[in-house]
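Just below is one structure, and these are the notes that go with it.
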Amino acid sequence: MFTRGKFNRLTRNEYIPEIIIIISILIIIHVCNTYYEYTGNQYILIDKNDLKEVCQLYPSTLLGGKEEIIMSEHIEWSDNPNVQKGGIYSPNDCKSREDLAIIIPFRNREYHLKLLLKYLHPFLQRQKRSYQIFVVEQIGNITFNKGAIMNVAFQEALKIRSSFGCFIFHDVDLLPENDYNVYECDPKTPRHLSPAVDELRYVLMYNHLVGGVLALNKEQFIKVNGWSNLYWGWG
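Position 228 of the sequence shown, counted from 1, bears residue number 226 in our numbering, the numbering being contiguous throughout.
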C-alpha cells in the first residue's frame, strides 16, 4: 500500500519522460526556425518568424552620392523631428541590425558640429540604423586630449545603454557623402569608414595609421585597451 505522498511522487515521475520529449521537440522547432545570414561583414542570427522585421543592409531609402552638401557660411542648429531627446533614433518600420554609439570628440568647433549633425542624422536614418550620438567635450583651457575623452565617452555610453554593439568614433569636421558606406562594425576587424576624403582626391594617402571615422565593436575596443591617453594636442 502506498501512502498519498508516495503515490503523488510516483505519478509525477511517470510523466518525466513525456515532459523531456515535449521540451526537446520545442527546442528543435526553435532551431529550425533560425539560421545564420552572412551579409555585409557580419553574421546575423535571424528568426524566420521575424525575418520581415530585420532592416536590409542596403535599404531602398539610400541615395548613394546624390545628396548635395551645402557649406553655407551661416548655419543654425538643424531640426531633426525624428530624433528623440539625447540624440536617439530607431527605425519604426524594421528591426535594426545592431545598436550604434556615435562618439564625436568636440572642442570649440560649433559650426562644424552643427553641419555634421545636419547631415549625419538623415544619413544614418536612411541606412535604417538604430543609434545614439554622443558629443563629448573637453572643458577648460588645458591641451586637448582626444583619446582620453573618447575613452570616457565609451564608458559612459555603456552605462546609458549596455546593448551598444558598435562604437563609431567620428571627427567633427568630416561629412559622410555616400550612404552606401554603411556605418556598422565588422566582427573580425576595426573598420576605417573614411578612407576617401575629397581634400585628398578620394585617395588613401597612408596605410599605416587610421583617422577620421573608425568603427570598433565592444570586444575590439577592450582588446586594444581603447585609445592612448598619451597624445596631447590636435592632429
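We put the beta carbon where it would ideally sit given N, CA and C, even for glycine.
Looking at C-alpha atoms only, which residue of the options is the closest neighbour of residue i?
{"i": "residue 213", "options": "125, 204 and 181", "result": "181"}
{"i": "residue 207", "options": "173, 146 and 190", "result": "190"}
{"i": "residue 185", "options": "209, 143, 167 and 217", "result": "217"}
{"i": "residue 66", "options": "87, 116, 54 and 53", "result": "116"}
{"i": "residue 55", "options": "99, 179 and 172", "result": "179"}
{"i": "residue 107", "options": "137, 177 and 195", "result": "137"}
If you run the structure through DSSP and keep just helix, strand and coil, what is residue i?
{"i": "residue 56", "result": "coil"}
{"i": "residue 64", "result": "coil"}
{"i": "residue 221", "result": "helix"}
{"i": "residue 40", "result": "Since pLDDT at residue 40 reaches only 46, below the 50 mark, its modelled position is unreliable, and the value read off the structure follows with that caveat. In the structure shown, residue 40 sits in a strand (DSSP, three-state: E or B)."}
{"i": "residue 98", "result": "strand"}
{"i": "residue 8", "result": "Note on residue 8: pLDDT 38, under 50, position unreliable in the model; the coordinate value appears next. DSSP places residue 8 in helix when its eight states are reduced to three."}
{"i": "residue 30", "result": "Annotation note: pLDDT 47 at residue 30 (below 50); position unreliable, no value reported."}
Where does the unbroken beta strand (DSSP E) through residue i begin, and where does it stop?
{"i": "residue 215", "result": "211 to 215"}
If I'm right that residue i touches residue j with Cβ under 8 angstroms, what's the distance once you round it to whole angstroms?
{"i": "residue 96", "j": "residue 164", "result": "5 angstroms"}
{"i": "residue 170", "j": "residue 122", "result": "Actually they do not touch by this definition, with Cβ atoms about 16 angstroms apart."}
{"i": "residue 134", "j": "residue 166", "result": "Not a contact, Cβ separation roughly 13 angstroms."}
{"i": "residue 126", "j": "residue 57", "result": "5 angstroms"}
**Report entry** Secondary structure, beta strand (DSSP E): runs of 3+ residues fully inside the segment 102 to 188
**Finding:** Along the length of the segment 102 to 188, whole beta strand (DSSP E) runs at least 3 residues long occupy 128 to 135 and 164 to 168, reported in chain order.
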